[in-house]
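Comments concern the structure below.
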Amino acid sequence: MNRMTGAQALIKALEYEDVDIVFGVPGGAILPAYDPLYDSPIRHILARHEQGAGHMAEGYAWATGRVGVCIATSGPGATNLVTPLADALVDSVPLVAITGQVATTAVGNDAFQEAYTTGITMPATKHNYFVAEPDEIVQTVHEAFHIAATGRPGPVLVDVPKDVQNAEVTWEDPKTINLPGYKPTVEGHALRIRDAIDMIEKATRPVFYVGGGIIKANASEELRQLVERTGAPVVTTLMGRGAIPDDHPLACGMSGMHGTYAATTAIQRADLLIALGVRFDDRVTGDPDHFAPEAAVIHVDVDPAEIGKVRVPQVPIVGDARRVLSQMIEAWGERDQPDRTAWASQVSDWQRRYPLRYDQDPEGPIKPQYAIEELHRLTGGDATIVSGVGQHQMWTSLHWKFTDPRRWINSGGLGTMGFAIPAAVGAKAGRPDDLVIAIDGDGCFQMTFQELITAATEGINVKIVVINNGAHGMVTQWQRMFYNGRFSASQLGDKVDYVRLAEALGCAGFRATSPDEVAPTFEKALAVNDMPVVVEIKVDWNEMVFPMVPAGASNDTVFVGPDEKVTVER
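In terms of the working numbering, the sequence shown has 555 at position 555, counting the first letter as 1, and numbering is strictly consecutive.
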């Protein structure tokens, strides 16, 4: 008989699931599990904060397509995971979090470092478990990985009391999973598929509206095939960037609040919206009553709760995006591509008339868009890009040209400042041969820069670009536009020496303060590959993100510049 402690069984269960890396911070209630981890082939990366460990696991999952794993102790260790769990839930990131808990005999007694972890995290997880019996550990972990990775991916938490970890168990391989209440639909309904194809063929102004569900389902190739058969233009959400290459002739870029004019306007003028792996988020729809007012809707999503939540579709299809797209390609069969010349010409005209633009004075302050485009030029776009949240996130999504899925990693739905640095560490740990660059803002950087110590200590040589405008940039943009320039609590100041800070954290540090320094500074940073790198780009703090649709407004009116509004043509 193979007898062991519950803690040993817990680590062996992770090995059984082919886990290669975990991110965590030890503490009293999870310490029994850290002892067998010492002898395990699983690599443990010691974060400097549990939130960092959670975001590292997210970055790993984004970059690799595998389930990310993080570990924390009870009480504050577990509560510090709430933000990455909530982030992973809304962005559909597969995650398993293992937390220690006080002994079952102490639960409910306000014991040291006790928190009601499953209760606190219930709304922040796809599912969670409290493991009351040692013999339940292995099967619970197996189920957790299954739930995290199937259907709509998401985070699952497993809370294990200390006495359960210390108890003796007999190892048994996990049983076949049987969860009667959890049966995700994979196959799309055949009649709905046929209806969708007929609608696409007959539409005059169809638009593919594509989100992160395509990335999560690894369905980019199937998307490209269907797009090219039907000849319809494609817009992506922030989370769908890279689902179709930006240099594809049918790609229109990102839509929504800060989307390109052509993408947003194509949706507003469409007579058919083919919505794939999207949830009609408010940052895309604006006022939902005026979103795509002329369009019938085909909505494909693996999560039935998203169908009809914001917009009732004419053709609802529940299923895995990759499988449904394959069905749609098969149903299209040998049909000819419809004549979409007039529609394509109209979209091209919008792209030509309202391109992304900014003015970089050679003698003036650095424009962030210029810095991002220079970095793209120097790397040839061959990098995995991670961002925090705010202006720099929007500038990166707009001005970096994405050609592959899983090479754009950011916090979309929750909008978590501080996401970039730990997520970049996780992405680089998962794909060590990739060039991984975090493009961060100074506000985001100051929230989680301690994880650069993790990167330096672990030899995870990420590159961090700090777009430094001395402020919470998106906050100041709104204060400029909607609060009469009253900059309340949005200024960060200029007291931080990022180069010296980088060096103090075990990284190389570089700085550019004028446009002519941008390319040489990036070249120096890209040449350093034996330690993490921080590059500070001192940018114009007056610069704002455009295009812009004010929150809750109709997408019919787009600010294409600070003083230029354009109304959608009918």
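We treat Cβ as the ideally placed atom computed from N, Cα and C, and that holds for glycine. Remember, it's a predicted structure, so these values are computed and weren't measured experimentally.
| task | Could you tell me the boundaries of the beta strand (DSSP E) in which TYR354 lies? | result | As a first step, residue 354 is located in the sequence shown; it is residue number 354 there, counting from the start. Taken as a continuous stretch (DSSP letters only), TYR354 belongs to no beta strand (DSSP E), as it is neither H nor E.
| request: Can you grab the Cα-Cα spacing for the pair ALA331 / ILE317, in whole Å? | output: Residue 331 sits at position 331 when you count from the first residue of the sequence shown. Residue 317 sits at position 317 when you count from the first residue of the sequence shown. Whole-angstrom Cα-Cα distance: 14 Å.
| Span of the alpha helix (DSSP H), counted from its first residue to its last, around ARG311 | For this step, residue 311 is matched to residue 311 along the sequence shown. Per DSSP, ARG311 lies in no alpha helix (DSSP H) and is assigned neither H nor E.
| field | Complete runs of the alpha helix (DSSP H) confined to the region 269-302 [at least 4 residues] | value | As for any alpha helix (DSSP H) of minimum length 4 sitting wholly inside the region 269-302, the runs are 282-285, ordered along the chain.
| request: Leaving out five residues on either side along the sequence, give the residues of the same chain with a beta carbon under 6 Å from the beta carbon of LYS606. | output: One cannot answer for residue 606 here, as it falls past the ends of the chain, which runs 1 to 570.
| said: Can you tell me whether MET447 is buried or exposed? The criterion is at least 16 other CB atoms within 10 Å of its CB, across all chains shown. | reply: Start at 1 with the first residue of the sequence shown, and residue 447 comes out as number 447. Of the other Cβ atoms in all chains shown, 16 or more fall within 10 Å of the Cβ of MET447; this residue is therefore buried.
| message | Given the structure, does ASP247 come close to the ligand NAD, in the sense that its CB is under 7 Å from one of the ligand's heavy atoms? | response | Absence of the ligand NAD from the depicted structure is noted, as is the absence of any ligand whatsoever, leaving it without description.
| said: According to DSSP, simplified to helix, strand and coil, what is MET447? | reply: Translated into the one-based positions of the sequence shown, residue 447 becomes position 447. In the structure shown, MET447 falls within a helical segment according to DSSP collapsed to helix, strand and coil.
| said: I'd like to confirm the pairing. Which residues does DSSP put opposite ASP159 in its beta bridges? | reply: Position 159 of the sequence shown, counted from the start, is the residue given in the question as residue 159. ASP159 is bridged to THR99, PHE130.
| query | In or out: PHE482 buried (at least 16 other Cβ within 10 Å) or exposed? | reply | Here residue 482 refers to the residue found at position 482 of the sequence shown. With fewer than 16 neighbouring CB atoms inside 10 Å of its own CB, PHE482 falls in the exposed class.
| query | Taking Cβ positions, are PHE419 and GLY459 nearer each other than 8 Å? | reply | Within the sequence shown, residue 419 is the residue found at index 419, counting from 1. Within the sequence shown, residue 459 is the residue found at index 459, counting from 1. No, Cβ-Cβ distance for PHE419 and GLY459 is not below 8 Å.
| Can you round the beta-carbon distance between GLY211 and MET239 to whole angstroms, since I take them to be within the 8 Å contact cut? | As a position in the sequence shown, residue 211 is number 211, starting the count at 1. As a position in the sequence shown, residue 239 is number 239, starting the count at 1. Contact holds; Cβ gap of about 6 Å.
| Which residues bound the alpha helix (DSSP H) around THR573? | No answer is possible for residue 573: it lies beyond the span of the chain, which begins at 1 and ends at 570.
| Contact check, VAL227 vs ILE200, beta carbons under 8 Å | The count along the sequence shown starts at 1 and reaches residue 227 at position 227. The count along the sequence shown starts at 1 and reaches residue 200 at position 200. No, they are not a contact pair.
| Touch test, the region 106-124 against the region 171-188, Cβ-Cβ under 8 Å, three pairs minimum | The answer is no - the region 171-188 does not touch the region 106-124, with fewer than three Cβ pairs under 8 Å.
| query | Along the chain, where does the alpha helix (DSSP H) that runs through ASP540 open and close? | reply | As a first step, residue 540 is located in the sequence shown; it is residue number 540 there, counting from the start. Judged by DSSP secondary structure, ASP540 falls outside any alpha helix (DSSP H); it is assigned neither H nor E.
| said: Would VAL102 and VAL131 be called neighbours here (beta carbons separated by less than 8 Å)? | reply: By 1-based counting over the sequence shown, the position of residue 102 is 102. By 1-based counting over the sequence shown, the position of residue 131 is 131. Against a cut-off of 8 Å, the Cβ pair of VAL131 and VAL102 comes out as no contact.
| Pairwise C-alpha distance: GLN479 and ARG495 | On the sequence shown, position 495 is the one that residue 495 refers to. On the sequence shown, position 479 is the one that residue 479 refers to. Here the sequence assigns Lys to residue 495, which means Arg is not the residue at that position. Between LYS495 and GLN479, the C-alpha separation is close to 23 Å.
| Extent of the continuous alpha helix (DSSP H) run through ARG229 | Start at 1 with the first residue of the sequence shown, and residue 229 comes out as number 229. Per DSSP, the continuous alpha helix (DSSP H) segment holding ARG229 begins and ends at 220-230.
| field | Where THR73 sits in the DSSP three-state scheme | value | To locate residue 73, count along the sequence shown from 1; it is residue 73. Of the three classes helix, strand and coil, the one that applies to THR73 here is coil, per DSSP.
| Cβ contact check for the region 436-452 and the region 351-358: 3 or more pairs under 8 Å | Cβ pair count under 8 Å is below three, so no.
| said: I need the boundaries of the alpha helix (DSSP H) containing ASP339, first residue and last residue. | reply: What you label residue 339 is simply residue 339 of the sequence shown in a count that begins at 1. Counting along the chain, ASP339 falls outside any alpha helix (DSSP H), and DSSP gives it neither H nor E.
| Is DSSP giving TYR92 helix, strand or coil here? | The residue given as residue 92 occupies position 92 in the sequence shown. Reading off the sequence shown, one finds Ser at residue 92, where the question assumed Tyr. SER92: coil per DSSP, three-state reduction.
| Between the beta-carbon of MET254 and the beta-carbon of THR265, is there less than 8 Å? | Position 254 of the sequence shown, counting from 1, holds the residue named residue 254. Position 265 of the sequence shown, counting from 1, holds the residue named residue 265. Contact flag unset, no.
| message | Can you tell me where the beta strand (DSSP E) holding THR384 begins and where it ends? | response | By one-based count along the sequence shown, residue 384 stands at place 384. That run of the beta strand (DSSP E) goes 384-387.
| Whole-Å CB distance - ALA427 paired with ALA29, under 8 Å assumed | Locating residue 427 in the sequence shown gives position 427, counting from the first residue. Locating residue 29 in the sequence shown gives position 29, counting from the first residue. That pair is no contact at about 29 Å.
| task | Report yes if the CB atom of PRO134 is closer than 8 Å to the CB atom of GLY54, and no otherwise. | result | Counting from 1 along the sequence shown, the entry for residue 134 is found at position 134. Counting from 1 along the sequence shown, the entry for residue 54 is found at position 54. With a cutoff of 8 Å on beta-carbon distance, PRO134 and GLY54 are scored as not near each other.
| query | Can we say the region 182-192 touches the region 281-297, given the rule of at least three CB pairs closer than 8 Å? | reply | The count of Cβ pairs closer than 8 Å, one atom from the region 182-192 and one from the region 281-297, stays below three, leaving the stretches out of contact.
| task | Starting from PRO206, follow its DSSP beta bridges and name the residues at the other end. | result | By one-based count along the sequence shown, residue 206 stands at place 206. Note: PRO206 sits in a beta bridge opposite LEU272.
| message | Which residue marks the beginning of the beta strand (DSSP E) containing GLU136, and which one marks its end? | response | What you label residue 136 is simply residue 136 of the sequence shown in a count that begins at 1. Membership of GLU136 in any beta strand (DSSP E) is not indicated, and neither H nor E is assigned to it by DSSP.
| Since MET394 is in the alpha helix (DSSP H), which residue starts that stretch and which ends it? | Counting from 1 along the sequence shown, the entry for residue 394 is found at position 394. For MET394, the enclosing alpha helix (DSSP H) starts and ends at 391-399.
| field | Residue from ARG269, THR73, GLY59 with nearest C-alpha to ALA33 | value | Walking along the sequence shown from the start, residue 33 turns up at place 33. Cα-wise, what sits closest to ALA33 is THR73.
| field | Separation of GLN268 from VAL568, as counted between CA atoms | value | Position 568 of the sequence shown, counted from the start, is the residue given in the question as residue 568. Position 268 of the sequence shown, counted from the start, is the residue given in the question as residue 268. Going from the Cα of VAL568 to the Cα of GLN268 covers about 8 Å.
| field | Assigned secondary structure, ASP361 (DSSP; H/G/I helix, E/B strand, else coil) | value | In the sequence shown, the residue the question calls residue 361 occupies position 361. In the structure shown, ASP361 sits in coil (DSSP, three-state: anything other than H, G, I, E or B).
| request: On a CA-only basis, which of ASN128, ARG241, ARG340, GLU17 is nearest HIS399? Give me that one, please. | output: As a first step, residue 399 must be located in the sequence shown, where it is residue number 399. Considering only alpha carbons, the answer is ARG241.
| Between which two residues does the alpha helix (DSSP H) carrying GLY52 extend? | For this step, residue 52 is matched to residue 52 along the sequence shown. First-last of the alpha helix (DSSP H) with GLY52: 50-64.
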